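Residue numbers (the numbering used here), protein chains in the order written: chain D, 1 to 153; chain F, 154 to 269. Take a look at the structure set out below.
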Amino acid sequence: MSQQFDAHSYHVNHSNQSSYAGSHNFLASTTWQHTSTGLEVVNSDEEPYVATIVGRISAYRLKCGPAGNHFDSGMSPLEKAKYQFYISRPANAELGADFIAGINNLEALQNQVGKTGVHKNMIYEDVMGKMLRFAHNVFIARVSLSIFRNGPR
Amino acid sequence: MDEETKQWPIPDEMAQEFDAIKYKFEAQPLPLYHDNLLVQPQHANEVLNGAIVEVQFGIQHWYIKQTDTFQATPMKVTILKLGRIHVPPNYKCPNPSEDSDVPGQPASKKLRSSED
Numbered sequence: 001m002s003q004q005f006d007a008h009s010y011h012v013n014h015s016n017q018s019s020y021a022g023s024h025n026f027l028a029s030t031t032w033q034h035t036s037t038g039l040e041v042v043n044s045d046e047e048p049y050v051a052t053i054v055g056r057i058s059a060y061r062l063k064c065g066p067a068g069n070h071f072d073s074g075m076s077p078l079e080k081a082k083y084q085f086y087i088s089r090p091a092n093a094e095l096g097a098d099f100i101a102g103i104n105n106l107e108a109l110q111n112q113v114g115k116t117g118v119h120k121n122m123i124y125e126d127v128m129g130k131m132l133r134f135a136h137n138v139f140i141a142r143v144s145l146s147i148f149r150n151g152p153r
Numbered sequence: 154m155d156e157e158t159k160q161w162p163i164p165d166e167m168a169q170e171f172d173a174i175k176y177k178f179e180a181q182p183l184p185l186y187h188d189n190l191l192v193q194p195q196h197a198n199e200v201l202n203g204a205i206v207e208v209q210f211g212i213q214h215w216y217i218k219q220t221d222t223f224q225a226t227p228m229k230v231t232i233l234k235l236g237r238i239h240v241p242p243n244y245k246c247p248n249p250s251e252d253s254d255v256p257g258q259p260a261s262k263k264l265r266s267s268e269d
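In structure tokens, the structure reads:
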């Protein structure tokens with residue numbers, strides 16, 4: 001049986017870690033870098049940055065089943081399906097404050113590279129406040145071994 | 154084909170579409186953990202709904218069609234506290250005490266016994 005979650009201990013143990021999105025030093029530990037298709041946040045070792053945040057999963061557009069957000073007879077093919085979920089502010093006061101601080105930091109990150117002033121698909125706002133959207137491909141292309149067969153002879 | 158894709162619990166209505174792509178694409182489960190166990194994809198929505206979670210994620214940006222698009226990509230999702238899980242029943246009786254003898258009302262689901 002799992003232990004009961006202690007929100008206060010979690011907050012105390014994580015709120016000063018730089019990778020915690022709600023921490024004071026989160027932004028200072030991040031840098032945007034180019035990828036082959038766009039930009040990504042990296043750490044001081046030029047590795048993709050792994051941020052951490054805590055939130056409450058919203059029922060809104062929760063699509064994490066075996067076909068993700070794909071729906072039958074939709075316009076998008078199955079191979080483009082994504083797992084999708086949103087997290088909102090937890091009711092716990094400490095974790096709630098961490099969540100708001102995290103959203104503020106993520107908005108600051110967006111402002112560093114956003115040119116249009118309209119930043120889509122990550123931070124949303126509704127009557128409940130701001131939410132963070134996550135997306136992850138359900139399917140990935142298989143790597144063909146044939147690319148290794150035609151090397152120099 | 155890899156075992157994950159071979160055993161992937163795709164809904165029946167998408168089976169034909171899945172068969173068409175499964176040799177070019179492989180399925181990857183959402184890295185969703187509860188008590189250090191990977192949650193199977195067919196149970197993910199149910200387990201996630203209303204839960205308090207820790208998400209470890211990366212952040213990407215694309216500038217597409219004069220729009221700034223961002224994505225938070227989860228690398229690991231850990232259930233810290235389950236929400237109130239509502240399992241939709243496949244059968245609902247309006248009054249359990251009367252369910253078996255009321256004409257026009259279906260009987261409650263019986264467990265199969267060894268005598269059956």
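From the three backbone atoms N, C-alpha and C, an ideal C-beta is built for every residue, glycine too. This structure is a prediction, so every number in the text was calculated from the model and none was measured.
Helix or strand or just coil, what does DSSP make of residue i?
i      : result
F/M228 : strand
D/Y86  : strand
F/E157 : helix
D/Q17  : coil
D/F26  : coil
F/H196 : helix
F/F273 : Residue 273 of chain F falls outside the range modelled here, since chain F spans only 154 to 269, and no answer is possible.
F/D221 : strand
F/Q213 : strand
F/H187 : strand
D/L62  : coil
D/D72  : coil
D/D126 : strand
F/L106 : Past the edges of chain F, shown from 154 to 269, lies residue 106 of chain F, and the structure says nothing about it.
F/P242 : In this prediction, F/P242 has a pLDDT of 49, which is less than 50 and means its spatial position is unreliable; what the coordinates show is noted afterwards. Three-state result, F/P242: coil.
D/Q4   : coil
Identify every residue that forms a DSSP beta bridge with residue i.
i      : result
D/A93  : Note: D/A93 sits in no beta bridge, so no partner.
D/N137 : D/K82
D/L56  : Note that residue 56 of chain D is Arg in the sequence shown, not Leu. Note: D/R56 sits in a beta bridge opposite D/S88, F/I205.
D/P48  : D/V42
D/T35  : DSSP lists no partner for D/T35.
F/E179 : D/I140
D/I103 : Answer by DSSP bridge pairing: none, since D/I103 is not bridged.
F/I163 : F/I163 pairs with nothing; no bridge assigned.
D/K115 : Answer by DSSP bridge pairing: none, since D/K115 is not bridged.
Starting from the beta carbon of residue i, find every residue of chain F whose beta carbon is closer than 8 Å, and list them in chain order.
i      : result
D/L39  : Q213, H214, W215
D/F26  : None at all; the shortest Cβ gap to chain F is about 11 Å.
D/R142 : Y176, K177, F178, E179
Could you tell me which chain D residues have their CB closer than 7 Å to the CB of residue i, listed as they occur along the chain?
i      : result
F/L183 : C64, Y83, H136
Using 8 Å as the limit for Cβ to Cβ distance, is residue i near chain C?
i      : result
F/A180 : Absence of chain C from the displayed structure is noted, the protein chains being D and F.
Practice prompt. Identify each residue in the stretch 156-175 of chain F for which the Cβ-Cβ distance to at least one residue of chain D is less than 9 Å, and report them in chain order.
Written response: T158, W161, P162, I163, P164, E166, M167, E170, F171, A173, I174, K175
Worksheet item: Mind listing which residues of the stretch 91-122 of chain D have their C-beta closer than 7 Å to chain F's C-betas, in chain order?
Response: L109, Q110, V113, G114, K115, T116, V118, H119, K120, N121, M122
Worksheet item: Quick one, which residues of the stretch 70-85 of chain D are near chain F if we go by CB-CB under 8 Å, in chain order?
Response: Those residues of the stretch 70-85 of chain D that come within reach of chain F (Cβ to Cβ, closer than 8 Å) are H70, D72, P77, L78, E79, Y83, F85.
Worksheet item: Along the stretch 121-135 of chain D, what residues have a CB closer than 8 Å to any CB found in chain F?
Response: Near chain F, meaning a CB-to-CB distance below 8 Å, the residues of the stretch 121-135 of chain D are N121, M122, I123, L132, R133, F134, A135.
Worksheet item: Between the stretch 48-64 of chain D and chain F, which residues of the former have CB atoms less than 9 Å from a CB of the latter, in chain order?
Response: P48, Y49, V50, A51, T52, I53, V54, G55, R56, I57, S58, A59, L62, K63, C64
Fill in: Contact residues within the stretch 218-234 of chain F, judged by C-beta distance below 9 Å to chain D
Per Cβ criterion, the list reads Q219, T220, D221, T222, F223, Q224, A225, T226, P227, M228, K229, V230, I232, L233, K234.
Discussion item. To be precise: take each residue of the stretch 196-209 of chain F, compare its Cβ to all Cβ atoms of chain D, and keep it if any distance is under 8 Å. Which residues remain?
Written reply: A197, N198, L201, N202, G203, A204, I205, V206, E207, V208, Q209
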